[in-house]
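Below is one structure, written out as structure tokens; comments come after it.
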Amino acid sequence: MVMIQFQNVTQRFTDGTVAFTNLSFNIEDGELVLITGPSGSGKTTILNLLIKEYQPVSGDITMDGQSLREIKPKQLPLHRRKIGAVFQDCKLIEELNVWENIAMPLVIQGQSLPSIEERVTDLLSLVQLTSKALMFPKQLSGGEAQRISIARALATGPSVIFADEPTGNLDAKTAHHIINLLKKINELGTTLIIATHDPVIIKEIKAKHVDLEAADSEEICSDLTANLAEKAHKKEVQPQAIVKAIKKTTDTQEIKQEVNQEADQENELKKPVKLKIQPKKISGFAQKIQNKIKKLAMKSGKATTESDSQSKLKEKTKKNSAKS
Ligand code: ADP
Ligand code: MG
């Protein structure tokens, strides 16, 4: 059965950038599909359209037979729960440990502590990282962090996983492991979309291919370069800032954002390019998640602030280190 359908979808942004025109493809229930194309060809845009971050300017997108246009704002959380996203930079929350990161979507969903514990325990074992449950994202290798972000994406039982350049920051061997884990998840029944421009993955995975037109993106890229060059010429932005931004990332969207930010704050130009994460905001969010877990623990009669499975894990870790 067809799960996702793009019919003549065109996406043009308010600044005139065209991500793609008249894009059509089908994804079947349980299928594994590769979306390929160079940086800037619209891979991430497909994910953003699927989660209804924005509407396409023309064409229609359906999921499970329903046009996304019909989804009302109220129904959006339910729709988004069907799509688990995995990103190149993992997007784990630094202040939460591995266990809490995986539990996060379940806490937000308002699940009970026993069912959260059961689910997180299963997911940790699926990605074979039970021993890292109480570590923080900074203590993990790139491959481990990506496995945790896959576990988190699976937490609420989505019907499709969209992995957006999941191996972009990994060495070849680790990338191979991640791809095998994703394939295993697909074999267990979850539809899998992998957006990538990594030739190794493309060669390794025998799957249906949605190839975004390279020609279109070349046009977009050269447009962007011209745009930046013009800005630099008008001294709206310093050339070093452009070079820095381009070196830091190959994602044209990020480059654009960064360069615009730099142009906005002229006296900030001499400072190094800052990370786009806003620690304050995330801290508050992490705090909220931890408070909710604490409340759930108290509700289920547990005196400690940690959930039962977290403290069990701690004991196990202690015993193991005492043995060695
Ligand atoms: P990919 O993921 O294949 O690298 P993207 O989907 O991120 O490509 O972007 C496709 C094109 O659309 C790029 O030129 C990018 O700059 C542009 N783009 C993406 N999002 C926006 C946005 N919100 N506003 C303006 N342009 C955007
Ligand atoms: Mg992208």
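Our numbering runs 284 ahead of the 1-based position in the sequence shown. C-beta atoms are modelled at their ideal positions from N, C-alpha and C, and glycine is treated no differently.
Bridge partner(s) assigned by DSSP for residue i
i, result
"Ile319", "Ala479 and Val494"
"Phe290", "Phe309 and Ile345"
"Asp592", "Partner(s): none; Asp592 has no beta bridge."
"Phe371", "Asp448"
"Val484", "Per DSSP, none; premise fails for Val484."
"Phe297", "The partner list for Phe297 (beta bridge, DSSP) is empty, contrary to what the question assumes."
"Ser257", "The structure shown has nothing for residue 257, since the chain only spans 285 to 608."
"Phe304", "Gln295"
Integer-rounded CB distance, given that residue j should sit under 8 Å from residue i
i, j, result
"Met347", "Lys366", "7 Å"
"Phe420", "Ala369", "Not quite, the Cβ-Cβ distance comes to about 22 Å (not below 8 Å), so this is no contact."
"Asn413", "Arg431", "The question names Asn, yet the displayed sequence has Leu at residue 413. Rounded, the Cβ-Cβ distance is 6 Å, consistent with contact."
"Lys327", "Leu496", "7 Å"
"Leu390", "Thr440", "7 Å"
"Leu580", "Ala417", "About 17 Å; that fails the 8 Å criterion."
"Val293", "Gly324", "Not confirmed; about 17 Å, so no contact."
"Ala459", "Ile485", "7 Å"
Nearest neighbour of residue i, chosen from the options [CA to CA]
i, options, result
"Ile462", "Cys374, Arg403 and Glu378", "Cys374"
"Gln571", "Leu380, Val302 and Gly300", "Leu380"
"Lys492", "Phe309, Pro340 and Asn292", "Phe309"
"Trp383", "Lys579, Ile573 and Lys336", "Ile573"
"Gly321", "Pro483, Thr294, Phe569 and Arg364", "Pro483"
"Leu376", "Thr329, Ile486, Gly427 and Phe290", "Gly427"
"Asn306", "Ile469, Ile330, Lys596 and Met285", "Ile330"
"Thr298", "Ile335, Val286, Asn575 and Pro340", "Pro340"
"Ile263", "Gln295, Gln395 and Leu410", "Given that the chain is displayed from residue 285 to residue 608, the structure contains no residue 263 and the question cannot be resolved."
"Asp290", "Ile311, Ala303, Arg296 and Glu599", "Per the sequence shown, residue 290 should be read as Phe rather than Asp. Ranking the options by Cα distance to Phe290, first place goes to Ile311."
"Ser443", "Glu337, Ala459, His363 and Leu424", "His363"
"Lys576", "Glu488, Leu334 and Gln395", "Gln395"
"Phe304", "Met285, Ser593, Val494 and Ala459", "Val494"
"Val286", "Tyr338, Gly349 and Glu378", "Gly349"
"Gln594", "Ser415, Ile288 and Leu454", "Ser415"
"Asn332", "Gln295, Lys358 and Pro357", "Gln295"
"Gly568", "Glu378, Lys583, Ala459 and Glu599", "Glu378"
"Leu334", "Lys600, Asp448 and Ile392", "Asp448"
"Asp455", "Ser425, Val302 and Ile489", "Ser425"
"Ile288", "Lys467, Glu599, Ile345 and Ser584", "Ile345"
"Pro450", "Glu337, His481 and Leu438", "His481"
Under 7 Å between C-beta atoms of residue i and residue j
i, j, result
"Ile386", "Leu407", "yes"
"Gln372", "Gly300", "no"
"Leu397", "Ser591", "yes"
Are the stretch 467–478 and the stretch 306–318 touching, with three or more C-beta to C-beta distances below 8 Å? Three or more Cβ pairs drawn from the stretch 467–478 and the stretch 306–318 lie within less than 8 Å of each other, which places the two stretches in contact.
If contact is defined by three or more beta carbon pairs under 8 Å, each pair taking one atom from either stretch, is the stretch 385–403 in contact with the stretch 349–357? As far as the Cβ criterion goes, the stretch 349–357 does not touch the stretch 385–403, which means the pair count is below three.
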